[in-house]
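The structure appears below as structure tokens.
2 protein chains.
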Amino acid sequence: MLSDLYPSRKGTEPQILLRHDPVVYTDLQDGLVLTREQKEDFDRNGFLVLTNFFSDIEIRLLQRELEDLRLKSENIRQHREVISEPQSGDIRSIFRIHKNSRVFEKLSRDARLVNVARDILADDVYIHQSRLNYKPGFEGREFYWHSDFETWHVEDGLPNMRAISISVTLTENTPQNGALMMIPSSHRDFISCVGETPEEHYKESLKKQEYGVPDHHSLEYLANKGGIEQVTGPAGTVVIFDSNIMHGSNGNITPYSRSNAFFVYNSVQNRIRAPFGSLSPRPEFIAARKEIEIVMPEENALLSSSAQNWQQASRRTAG
Amino acid sequence: MLSDLYPSRKGTEPQILLRHDPVVYTDLQDGLVLTREQKEDFDRNGFLVLTNFFSDIEIRLLQRELEDLRLKSENIRQHREVISEPQSGDIRSIFRIHKNSRVFEKLSRDARLVNVARDILADDVYIHQSRLNYKPGFEGREFYWHSDFETWHVEDGLPNMRAISISVTLTENTPQNGALMMIPSSHRDFISCVGETPEEHYKESLKKQEYGVPDHHSLEYLANKGGIEQVTGPAGTVVIFDSNIMHGSNGNITPYSRSNAFFVYNSVQNRIRAPFGSLSPRPEFIAARKEIEIVMPEENALLSSSAQNWQQASRRTAG
């Protein structure tokens with residue numbers, strides 16, 4: 006069995022452990038998409054924000070699909086890929102959008118995103134997880150501080166920190182409506198959490214995290230060292246972040262939803278194994294175990310999907 | 006019986022009613038403390054933020070008292086003036102600080118605050134309510150949108166909008182740690198809420214508001230019209246706001262507490278009567294009914310309290 010480089014939820018005391026993995030796996034030179042400076046920023050802070058990435062047409066296309074999927078999901082609420090807000094019952098997340106939506110499938114293959122992942126991970130990549138996070142207005146709940154890697158490692162068996170997340174904002178993200186908060190440079194430490202994880206924990210944890218929660222003392226240490234940065238921007242802002250960066254977000258009591266699409270690209274050499282927390286594996290829609298497909302970068306993928314849709318639409322109209 | 010200008014929690018449909026009361030009761034001319042421009046700002050937006058109000062010594066004095074009271078309150082948790090966070094049990098608020106703390110009593114009499122109240126209300130004033138809000142780090146809970154006046158009217162019998170609130174920040178208030186959010190100009194509309202109020206509601210409402218909650222549609226109307234402004238600033242920032250402005254705040258998952266002192270000055274002509282919601286009156290520590298004492302402005306009140314404390318301290322040391 007592979008040794009566990011990042012033990013968590015095993016001891017009775019929290020621990021701050023060193024990261025054993027690189028952050029940027031390629032040389033710190035200009036890459037396919039990212040410049041040397043951008044790679045250095047990512048290496049240092051653990052995240053990178055890119056604006057003016059998409060055209061207005063592309064953003065409108067994504068927003069329309071966001072709304073279409075929400076309306077469709079209202080009718081398939083009991084489907085396990087659809088997660089509701091615990092109190093209001095509003096749609097909170099939809100999983101596996103790279104399979105369930107033609108538009109988001111195309112987005113996941115878009116060369117601009119895939120090549121960012123390849124620029125950082127220096128490998129072929131596949132989608133480990135994808136989702137839409139709606140965070141509806143008035144009653145959107147907070148996400149408490151967490152490292153995604155901690156969960157993916159313990160609950161899914163992701164061995165190493167060789168995965169990155171790309172989030173595309175689909176509404177304006179403001180300081181008021183629960184924009185993502187990052188602790189810069191926190192990706193260099195691994196916070197080993199206390200407490201065992203119950204079986205089928207994921208059914209609750211997608212609504213509210215109760216295990217794999219970092220302790221106050223470690224969070225204070227990270228925040229005092231790195232500060233707290235909130236990622237705000239108009240719809241279409243792209244946020245790239247390391248799998249181990251400590252992040253969270255406030256709730257949303259404003260009338261304005263804070264919606265994002267979220268893709269996790271994992272190196273094909275970093276495929277998941279038996280979960281390190283000795284649990285039964287979580288379902289495929291949360292952590293791809295069998296459905297592994299290398300994502301090849303496709304130029305203008307998003308617009309091609311849109312063009313096809315429009316052609317179909319005009320054919321239907323003409324017919 | 007006085008007619009109810011602002012009915013709320015009586016009907017089955019929310020309503021947006023006009024404000025019948027002035028906002029600034031004096032002429033829009035330079036006043037005791039406020040300039041003409043500041044009065045105009047307050048009149049238009051319903052709130053005003055003043056920085057560089059206190060000296061560093063004064064701020065440190067207030068912060069020390071904040072921490073002393075928190076530590077003392079840990080031991081008198083069962084006291085009804087001490088409110089805890091529902092989940093963590095941390096101290097959330099302490100009421101009646103203008104009676105329970107020499108330092109905050111002095112602050113409440115400080116000419117700079119009292120004369121702001123007199124500048125706006127054009128009358129002698131007394132303290133209707135005072136409190137410390139701690140909003141501790143990691144687990145500070147949100148305050149959902151509300152108009153203070155709505156509650157004070159329905160639950161306490163405050164007849165008119167002739168009271169103002171003054172909040173003094175005692176830690177840095179940032180966009181991340183749950184700073185106050187205001188809807189500018191919302192003080193011009195009164196949102197009549199639905200639903201009756203159960204008896205002794207205050208015991209729960211100080212932790213989490215469930216009645217007198219404005220509806221989504223009215224909030225959207227107000228926010229689309231006035232926007233949402235977050236009030237941030239270093240410790241010692243003074244926020245003056247109208248009793249009817251719609252405001253709220255996010256939770257606080259950062260390690261840094263967001264603490265404020267809060268005083269409500271009411272015009273002596275606007276003393277509370279029987280609650281308009283036909284409930285038993287709330288206790289004196291939440292709404293002063295008998296303990297009415299005109300607050301006369303005192304120059305350098307805060308520093309004089311500090312000087313006295315220091316004299317006492319040195320006497321003790323010397324003795």
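Taken in order, these protein sequences are the chains called A and B. Counting from 1, position 4 in the first sequence corresponds to residue 9 in the numbering used here; the numbering is continuous, with no gaps. Counting from 1, position 78 in the second sequence corresponds to residue 83 in the numbering used here; the numbering is continuous, with no gaps. Glycine is no exception: its CB is placed at the ideal position from the N, C-alpha and C atoms.
Counting C-beta neighbours from all protein chains within 10 Å, is the total for residue i 16 or more, i.e. buried, or is it exposed?
i        : result
A/Asp9   : exposed
A/Gly239 : Residue identity differs from the one stated: residue 239 of chain A is Pro in this sequence, not Gly. It is exposed - the Cβ of A/Pro239 has fewer than 16 other Cβ atoms within 10 Å.
A/Pro180 : buried
B/Gln34  : exposed
A/Asp124 : buried
A/Lys230 : exposed
A/Lys295 : exposed
A/Gln43  : buried
B/Gly232 : exposed
B/Arg85  : exposed
A/Val243 : buried
A/Thr56  : exposed
A/Val1   : Here chain A comprises residues numbered 6 to 324, so residue 1 of chain A is not present and cannot be evaluated.
B/Ser283 : exposed
B/Asn138 : buried
A/Thr176 : buried
B/Thr174 : buried
B/Ile297 : exposed
A/Ile96  : buried
A/Ile64  : buried
B/Asp115 : buried
A/Gly253 : buried
B/Asp73  : exposed
Is there a C-beta anywhere in chain A that falls below 8 Å from the one on residue i?
i        : result
B/Leu185 : no
B/Glu225 : yes
B/Asn255 : yes
B/Ala228 : yes
B/Tyr149 : yes
B/Glu90  : no
B/Gly324 : Confidence in B/Gly324 is poor, its pLDDT being 37 and thus under 50, which makes the residue's placement too unreliable to answer from.
Let me check understanding here. Comparing Cα to Cα, which of the options lies closest to residue i?
i        : options                                   : result
A/Val130 : A/Ser285, A/Phe290 and A/Ile277           : A/Ile277
B/Pro141 : B/His84, B/Arg75, B/Arg49 and B/His192    : B/Arg75
B/Gly241 : B/Asp61, B/Arg14 and B/His133             : B/Asp61
A/Pro12  : A/Pro260, A/Thr156 and A/Glu42            : A/Thr156
B/Thr17  : B/Glu201, B/Glu70, B/Gly253 and B/Glu90   : B/Glu201
B/Arg146 : B/Val269, B/Phe290, B/Ile291 and B/Ile258 : B/Ile258
A/Ala293 : A/Arg101, A/Tyr30, A/Gln92 and A/Lys15    : A/Arg101
A/Met301 : A/Asp128, A/Val54, A/Arg263 and A/Val244  : A/Asp128
B/Met166 : B/Asp48, B/Thr40 and B/Val119             : B/Asp48
B/Gln134 : B/Phe267, B/His221 and B/Ser309           : B/Phe267
B/Leu126 : B/Leu175, B/Asn271 and B/Gly162           : B/Asn271
A/Leu217 : A/Val87, A/Cys198, A/Leu227 and A/Arg65   : The sequence as given places Gly at residue 217 of chain A; Leu does not occur at that position. Closest option to A/Gly217, Cα to Cα, is A/Cys198.
A/Thr40  : A/Pro260, A/Gly162 and A/Asn120           : A/Asn120
B/Val26  : B/Tyr261, B/Leu307, B/His103 and B/Ile169 : Note that residue 26 of chain B corresponds to Asp in the displayed sequence, not to Val. Ranking the options by Cα distance to B/Asp26, first place goes to B/Ile169.
Could you name the residues of chain B that residue i contacts, counting a contact when the two beta carbons are closer than 8 Å?
i        : result
A/Phe143 : His221 and Leu224
Going along chain A in order, which residues have a C-beta closer than 8 Å to the C-beta of residue i?
i        : result
B/Thr176 : In chain order: nothing, as chain A lies at least about 14 Å away.
Strictly below 7 Å CB to CB, what residues from chain A border residue i?
i        : result
B/Ile233 : Gln181 and Thr259
Using a Cβ-Cβ distance under 8 Å, would residue i count as near chain B?
i        : result
A/Arg321 : Because the pLDDT of A/Arg321 is 47, which lies under 50, any placement of that residue in the model is unreliable, and the number read from its coordinates should be weighed accordingly. So, not an interface residue.
A/Trp315 : For A/Trp315, the predicted structure reports a pLDDT of 46, less than 50, and the residue's modelled location is therefore unreliable. A value from the coordinates is still provided. It does not; no Cβ of chain B falls within 8 Å.
Does the beta-carbon of residue i, which I'm using as the reference point, lie nearer than 7 Å to any heavy atom of the ligand NAP?
i       : result
A/His84 : The ligand content of the structure shown is nil, which means the ligand NAP is not present either.
- Query: Are at least three pairs of beta-carbons, each pair with one atom in the stretch 109 to 127 of chain A and one in the stretch 279 to 287 of chain A, less than 8 Å apart?
  - Reply: Note that the stretch 109 to 127 of chain A does not touch the stretch 279 to 287 of chain A; fewer than 3 beta-carbon pairs, one per stretch, sit closer than 8 Å.
- Item | Three CB pairs or more closer than 8 Å across the stretch 10 to 25 of chain A and the stretch 184 to 203 of chain A | Output reads yes: the stretch 184 to 203 of chain A touches the stretch 10 to 25 of chain A.
- Query: Is the number of C-beta pairs between the stretch 147 to 154 of chain A and the stretch 247 to 256 of chain A that are closer than 8 Å three or more?
  - Reply: At 8 Å Cβ cutoff, the stretches touch.
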